[in-house]
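Below: the structure, in structure tokens.
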Amino acid sequence: MPSIHALANPARFLKVARPLTPWLFWVGVALIAIGAWAGLTRTPADYLQGESVRILYIHVPTAWLGMGGWSGLAIASVTYLVWRHPLAHIAARAIAVPGALFAFLCLSTGAIWGRPTWGTWWQWDGRLTSMLLLFFVYLAYLALARADAERGGDGRIPALFGIGGTVLLPIIRYSVVWWNTLHQGPSITVSGSAIDGAILWPLAFTLSGFTLFFAAVVLMRMRAALAHAQVEARLRRLVA
Amino acid sequence: MTAKHQRLTLALLALLAITGAALLALSGLRDQAAFFYAPADLRRAPPAAGTAIRLGGMVARGSVSKAADGVTTRFVVGDGQATTPVTYRGILPDLFREGSGVVAEGRLDTAGTFVADTILAKHDERYMPPEVAGALHKTETLER
Numbered sequence: 001m002p003s004i005h006a007l008a009n010p011a012r013f014l015k016v017a018r019p020l021t022p023w024l025f026w027v028g029v030a031l032i033a034i035g036a037w038a039g040l041t042r043t044p045a046d047y048l049q050g051e052s053v054r055i056l057y058i059h060v061p062t063a064w065l066g067m068g069g070w071s072g073l074a075i076a077s078v079t080y081l082v083w084r085h086p087l088a089h090i091a092a093r094a095i096a097v098p099g100a101l102f103a104f105l106c107l108s109t110g111a112i113w114g115r116p117t118w119g120t121w122w123q124w125d126g127r128l129t130s131m132l133l134l135f136f137v138y139l140a141y142l143a144l145a146r147a148d149a150e151r152g153g154d155g156r157i158p159a160l161f162g163i164g165g166t167v168l169l170p171i172i173r174y175s176v177v178w179w180n181t182l183h184q185g186p187s188i189t190v191s192g193s194a195i196d197g198a199i200l201w202p203l204a205f206t207l208s209g210f211t212l213f214f215a216a217v218v219l220m221r222m223r224a225a226l227a228h229a230q231v232e233a234r235l236r237r238l239v240a
Numbered sequence: 001m002t003a004k005h006q007r008l009t010l011a012l013l014a015l016l017a018i019t020g021a022a023l024l025a026l027s028g029l030r031d032q033a034a035f036f037y038a039p040a041d042l043r044r045a046p047p048a049a050g051t052a053i054r055l056g057g058m059v060a061r062g063s064v065s066k067a068a069d070g071v072t073t074r075f076v077v078g079d080g081q082a083t084t085p086v087t088y089r090g091i092l093p094d095l096f097r098e099g100s101g102v103v104a105e106g107r108l109d110t111a112g113t114f115v116a117d118t119i120l121a122k123h124d125e126r127y128m129p130p131e132v133a134g135a136l137h138k139t140e141t142l143e144r
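Top to bottom, those sequences are chains A and B. Heads up, the first sequence is in UniProt numbering, so the first residue is 1 and it goes up one at a time. Heads up, the second sequence is in UniProt numbering, so the first residue is 1 and it goes up one at a time.
Set out below in structure tokens:
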């Protein structure tokens with residue numbers, strides 16, 4: 001696979017990542033701003049939930065990125081284990097922090113929506129509990145990756161953990177289908193959307209906006225990690 | 001090349017094994033992991049009176065009534081196959097309404113009535129503006 005090998009070269013990666021980062025960041029921020037403005041002023045309230053329906057414009061992207069982040073982390077982990085590309089390891093570690101943050105935002109926006117809608121901040125139902133587990137798994141990955149790096153490990157153990165945590169993704173996705181849950185079933189499926197078009201459209205902006213923003217943060221963190229490694233290598237040469 | 005292929009095979013096998021293990025565990029968990037029982041579940045395997053459980057389903061249309069004391073509500077929860085009468089003393093959530101989903105925490109009494117301590121409104125996956133909802137069913141949805 002020449003494309004992976006080409007991007008696995010840190011110098012070539014930086015050549016692409018450096019100009020790409022501000023584009024992803026600012027286009028992402030603009031899309032989020034448009035989506036937030038439209039979602040707050042241009043859409044009707046829901047017939048049952050009233051105004052609190054607008055939380056969905058943040059809740060859905062954070063849920064998608066909390067889970068999508070772990071998918072990326074798992075793919076990077078497999079790439080690292082099989083092809084041993086150091087960039088894949090850096091990518092996995094770079095994804096973990098924003099991934100954990102978005103999982104947390106998903107849980108908190110869900111709680112804020114749940115209070116007026118269900119009448120409770122939190123219940124131990126299948127969807128809520130499995131998403132909380134994903135948040136904890138992110139934290140565990142961060143602790144493990146840091147401990148591994150401090151011990152001078154090669155990152156194989158966190159990569160294995162990254163693959164193992166993938167189990168949670170289908171559980172979160174299908175929890176509302178397999179079990180009776182307080183959380184409603186999926187609104188958007190391959191066969192269409194149960195969210196009326198008049199309410200749905202700003203979600204496209206915030207969903208794509210947060211995704212680009214997430215990618216920009218990951219690229220920034222990867223560049224910072226590469227720069228850090230470079231500094232350390234230089235210091236080691238100075239000492240030697 | 002062979003070492004790389006070996007690692008790839010191992011990684012894929014590990015992924016397969018983890019997924020298989022998770023699916024087995026989940027199918028074992030199926031009943032225990034449910035957040036609530038439906039009325040049909042209660043009829044099939046009635047829990048002992050006084051055991052704390054959750055009951056979920058749809059509030060039957062026309063079944064909600066206030067008792068004379070003004071704070072006790074009676075209604076019937078159904079799931080299309082069975083129904084369970086519920087009594088609840090307290091303030092109902094805003095989204096509690098007839099024909100809508102509800103989850104009640106409480107216990108069955110000896111007469112088969114569910115005595116609820118907490119009522120949670122369950123929202124379904126449909127989101128729509130009031131005009132659309134009003135056109136679909138003109139009954140109680142426009143009262144807001």
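The beta-carbon is built from N, C-alpha and C at its ideal position, and this holds for glycine as well.
If I measure Cβ to Cβ from residue 95 of chain B and keep anything under 6 Å in the same chain, skipping five residues before and after, which residues do I get? 121
Inter-residue spacing [alpha-carbon to alpha-carbon] between residue 204 of chain A and residue 111 of chain B: 52 Å
If we count Cβ pairs, one from each stretch, closer than 8 Å, do we get three or more for the region 95 to 109 of chain A versus the region 22 to 40 of chain B? no
Does the separation of the CB atoms of residue 68 of chain B and residue 86 of chain B fall below 8 Å? no
Which bits of chain B does residue 180 of chain A rub up against, with CB to CB less than 8 Å? 34, 35, 36, 37, 38 and 56
Determine which residues of the region 12 to 24 of chain B have a Cβ less than 9 Å from any Cβ of chain A, and write them out in chain order. 12, 14, 15, 18, 19, 21, 22 and 23
Counting only Cβ-Cβ distances shorter than 7 Å, please list the residues of the region 95 to 107 of chain B near chain A, keeping chain order. 95 and 103
Residue 172 of chain A: first and last residue of the uninterrupted alpha helix (DSSP H) it sits in: 168 to 178
Assess, as a yes-or-no matter, whether the region 185 to 192 of chain A is touched by the region 127 to 145 of chain A under the definition of 3 or more beta carbon pairs within less than 8 Å. no
Less than 8 Å between the C-beta atoms of residue 113 of chain B and residue 92 of chain B, yes or no? no
Cβ closer than 8 Å: which chain B residues qualify as neighbours of residue 199 of chain A? 127, 128 and 129
Is residue 43 of chain B closer than 8 Å to residue 82 of chain B when the C-beta atoms are compared? yes
Check whether the Cβ of residue 103 of chain A lies closer than 8 Å to any Cβ atom in chain B. no
If you measure between the beta carbons of residue 77 of chain B and residue 102 of chain B, is that distance less than 8 Å? yes
Residue 89 of chain A beta carbon less than 8 Å from that of residue 155 of chain A: yes
Under the three-state reduction of DSSP, which class applies to residue 145 of chain B: helix, strand or coil? Outside the displayed range of chain B (1 to 144) lies residue 145 of chain B, so it cannot be described from this structure.
Extent of the continuous beta strand (DSSP E) to which residue 53 of chain B belongs: 53 to 59
Mind checking if residue 61 of chain B is an interface residue toward chain A, Cβ cutoff 8 Å exclusive? no
Quick check on the DSSP output: the alpha helix (DSSP H) that includes residue 142 of chain A runs from which residue to which? 126 to 150
On a CA-only basis, which of A/124, A/39, A/93 and A/184 is nearest residue 225 of chain A? Give me that one, please. A/93
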